[in-house]
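Protein sequence lines, in the order shown, are assigned to chains A and B.
According to the working numbering, the first sequence is numbered sequentially starting from 324.
According to the working numbering, the second sequence is numbered sequentially starting from 214.
Cβ atoms here follow ideal geometry from the backbone N, Cα and C, with glycine treated the same way.
Everything on this sheet refers to the single structure shown next.
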Amino acid sequence: MMTTRILQGLGRFYIFLLLAFLYLPIIIMALMSFNVSPFYQLPFEWTTEWYASLWQNDQLIAATWNSLEIAVITTLISVVLGTAASLALYRYDFRGKKFLQALLFPPIAIPWLITGTAMLIFFFGVGIGRGLFAILLGHVALALPYVIVVVSARLQTFAPELEEAARSLGANQWQVTRRVTLPWIMPGVIAGGLFAFAVSFDQFVVSYFLATPGQTTLPVEIYAAIRKGFTPEINAVSTIIIVVSMALMLLTARFFKFGGEK
Amino acid sequence: MAGVQVSNVSRSFGAHKALDDVSIDFADGGFYALLGPSGSGKTTLLRQIAGFDFPDSGRIAIGGESVERVPVEKRRIGMVFQNYALFPNMSVADNVAFGLSVRGEAKATIATEVQRALDLVQLGKLGERRPHQLSGGQRQRVALARAIVTKPRVLLLDEPLGALDKALRVDMQIELKRIQREIGITTIFVTHDQEEALTMSDRIGILRDGRLVQEGPPEEIYDRPKSEFAATFLGDANIFRGDATGNGIKLPDGTTIAAGIGDRLAAGVKASCAVRPERIRIATDAGTSNGNANTLKGQVSKRIFAGNNSTYFVERAGQTLKVIVQNTGNDRLAEGQDVMLSWSPESTVLIAAS
């Protein structure tokens, strides 16, 4: 009895340490974004002035809009292409299919630094150069494997007889896909989309390589701002990003859990 | 409604011949069972008729129209799958409505037809439920309603009762038969359960290794099997092997068995005789033949009491024979007892060795 209680206590303490390790820096940063002192000085004095001045920072706001725009477009493109690719990989057997599927994983593992360099060289070579369009292309390429992996995982739980049943009732390929297959894989499609959004919105390395001074994304802009000199505005904008990202990830977890249940 | 003609259909998957020159005529309005062990090609044949897969050669006609290259969605068939394959994201009514809806029928028509189909399978009140809220038997009925609501030309059932427990299965057999009679649709039914095939169908086709072994009404296949396989796969049979004598066989030990059923065979060729266990009389008195021409002496090695009948296993010249005796209150024989078996030539089928 005694030992169980001690072990339980130790377990709780361990989880507390783990969560503290994960969240303490973030919490301190969030708190400091509401502190009057720009130099992390205590005592804590509440203010929203850094959020107010953030609102005046046109460069940061422009970069934020760029980031959102690119993330949304990346999500749409990679969800459509990725879902179509997953369906093709699920339905059809063709030469080199296994090879093609295996090729989907390395881009996830290759360091972004290297992918970014390769993209920069390639885009210059083919004349696309740098800028928002280049960033968008790069983000779609990065996000696509995530969508395909997540949607394919969901498709593995789909019973192929459902498509056969729909066909036996007279449904053509498009009707089968829209009315039977897509509703089933929708949690996977949404989870894949959230992944794509996160990959794009949080992307720094590849964006950094492909951005130009006028056309940049939020993470790149933050990095540039820190190099010029740290201001509590960065705490403020980081806090906003953290809240948005965590909300997205919680949503993903929720949908992906549903993916495993049914 | 329409009949289905399968003519000389073959289908191979790599080196494996799943169907080998199969021809069957499914009469309009009939209830047909395709029976065979797993790997016999019965499901492959059903999928050819459905249009999920196309034959390498041969012809398939539905209502006289060649369909062997027509995809499933254009064949106007109804199919019930082994695990029901109900759409989990739709209500029961939407499941049943699916076929009418993809055809672009009017909403009012769909609602009427769906209700009629659900009433037919006695699920009229469950339209709003989701498939996961239904029992196995109810799901089965929904699958059936969904398959027949579009008024298909032929109804195909792939082991539809396989997932149900025994009591429910018997109920569904009767129910399925009633519905089939009511709408008079040509029905082809794949099963590996011989009892199901016997009780439900007008005709049975037995398949083995991609070939049609025998087909005909259940009584005919049961009473006049043309091969040892047909005799033992559909029901139980005692098989004796020997040399043909013209109207029977001679066993290796010299005993002759007279057969009244089956083609006459030239004397001397290898042949077998099949006798159903319930056709054999068993007696303790060594002289009792009950007037039957075929008699054998043996010894009871085991008795299994099943309430309404008993099965005796009788050892005779290294062979174990099976005898089923109705429970009439007497004739309870002990294990180890010497017995006399007797049966008539009319209960004996002569089969050419394959």
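message: Taking 7 Å as the limit between beta carbons, can you name the residues of its chain near Thr-397 of chain A, skipping five residues before and five after?
response: Leu-459, His-462, Val-463, Ala-466, Ala-519 and Ser-523
Selected residue, minimal CA-CA separation from Gln-382 of chain A, among A:Ala-576, A:Thr-575 and A:Glu-556: A:Glu-556
- prompt: What are the boundary residues of the alpha helix (DSSP H) that includes Lys-287 of chain B?
  reply: Looking at the DSSP string, Lys-287 of chain B is not in any alpha helix (DSSP H), and its letter there is neither H nor E.
field: Gly-313 of chain A at chain B interface by Cβ criterion, 8 Å
entry: The structure shown does not extend to residue 313 of chain A, since chain A is modelled only from 324 through 585, so no value can be given for it.
- request: Quick one: give me the first and last residue of the alpha helix (DSSP H) that Gln-328 of chain B is part of.
  value: 320 to 333
message: So Val-285 of chain B contacts chain A; which residues on that side make the cut at Cβ distance below 8 Å?
response: Glu-487, Arg-490 and Ser-491
field: Members of the segment 267 to 291 of chain B near chain A, C-beta cut-off 9 Å
entry: Pro-284, Val-285, Glu-286, Lys-287, Arg-288, Arg-289, Ile-290 and Gly-291
task: Determine the chain A residues that contact Arg-366 of chain B at a beta-carbon separation under 8 Å, and present them in chain order.
output: The contacting residues do not exist; Arg-366 of chain B stays about 12 Å from chain A at best.
query: For Gly-531 of chain B, does the count of other Cβ atoms within 10 angstroms reach 16, so buried, or fall short, so exposed?
result: exposed
query: Rounded to whole angstroms, how far is the Cβ of Ser-401 of chain A from the Cβ of Val-470 of chain A, which I believe are closer than 8 Å?
result: 5 Å
task: Any chance you could list the alpha helix (DSSP H) runs of at least 4 consecutive residues sitting entirely within the segment 352 to 426 of chain A, in chain order?
output: 372 to 379, 381 to 414 and 420 to 426
field: chain A residues whose Cβ lies nearer than 8 Å to that of Phe-311 of chain B
entry: Ala-489, Leu-492, Ala-494 and Arg-502
field: Sequence-distant residues of the same chain with beta carbon closer than 8 Å to Ala-489 of chain A, five excluded per side
entry: Gln-498, Val-499, Arg-502 and Val-503
query: On the three-pair Cβ rule with 8 Å, is the segment 387 to 402 of chain B touching the segment 226 to 245 of chain B?
result: yes
message: Suppose only complete runs of 4+ residues qualify. What are the alpha helix (DSSP H) ranges in the segment 427 to 497 of chain A, listed by chain order?
response: 429 to 432, 435 to 449, 455 to 478 and 483 to 491
- prompt: Secondary structure at Glu-491 of chain B, three-state DSSP: helix, strand or coil?
  reply: helix
- request: Rank B:Gly-520, B:Asp-551 and B:Ala-380 by C-alpha distance to the C-alpha of Gln-539 of chain B and give the top, closest one.
  value: B:Gly-520
- prompt: Going straight from the alpha carbon of Gly-448 of chain B to that of Asp-436 of chain B, what length do you get?
  reply: 10 Å
Distance between Arg-577 of chain A and Val-567 of chain A (C-alpha atoms, nearest Å): 15 Å
message: Tell me which residues of the segment 336 to 347 of chain B have at least one Cβ-Cβ distance to chain D shorter than 7 Å, keeping chain order.
response: The chain labelled as chain D is not found among the protein chains of the depicted structure, namely A and B.
query: Does Pro-250 of chain B come within less than 8 Å of chain A when only Cβ atoms are used?
result: no
- request: Using a Cβ cut-off of 8 Å (strictly closer), state whether Ala-298 of chain B contacts chain A.
  value: yes
field: Three-state secondary structure assigned by DSSP to Gln-526 of chain A
entry: coil
query: So does the segment 423 to 441 of chain B actually touch the segment 545 to 553 of chain B, counting three or more Cβ pairs closer than 8 Å?
result: no
- prompt: From Leu-464 of chain B to Ile-470 of chain B, what distance separates their C-alpha atoms?
  reply: 8 Å
- request: Kindly list, in the order they appear in chain B, the residues whose Cβ is closer than 8 Å to that of Gln-498 of chain A.
  value: Val-315
- prompt: Going along the chain, which residues of its own chain have a beta-carbon closer than 6 Å to the beta-carbon of Leu-541 of chain A, five neighbours each way excluded?
  reply: Ala-386, Thr-387 and Ser-390
field: the segment 323 to 332 of chain B touching the segment 352 to 369 of chain B, judged by at least three CB pairs closer than 8 Å
entry: yes
task: Could you tell me which chain B residues have their CB closer than 8 Å to the CB of Ala-482 of chain A, listed as they occur along the chain?
output: Asn-296 and Ala-298
message: Please report the straight-line C-alpha distance between Lys-255 of chain B and Glu-486 of chain A, rounded to a whole angstrom.
response: 21 Å
message: Quick check on the DSSP output: the beta strand (DSSP E) that includes Thr-399 of chain B runs from which residue to which?
response: 399 to 404
query: Which chain B residues are close to Pro-506 of chain A, counting only those with a beta carbon under 7 Å from its beta carbon?
result: Asn-302
message: Judging by CA-CA distance, which residue of B:Asp-498, B:Arg-545 and B:Ala-306 is the nearest neighbour of Leu-155 of chain B?
response: Outside the modelled stretch of chain B, which goes from 214 to 567, sits residue 155 of chain B, for which no answer is possible.
query: Using the beta-carbon count (16 or more within 10 Å), is Val-543 of chain A buried or exposed?
result: buried
message: Less than 7 Å between C-beta atoms, sequence neighbours within five positions excluded: which residues of the same chain meet that for Val-309 of chain B?
response: Val-327, Ala-330, Leu-331, Val-355, Ala-358, Arg-359 and Val-362
message: Counting beta carbon pairs with one atom in the segment 231 to 239 of chain B and one in the segment 254 to 272 of chain B, are three or more of them shorter than 8 Å?
response: yes
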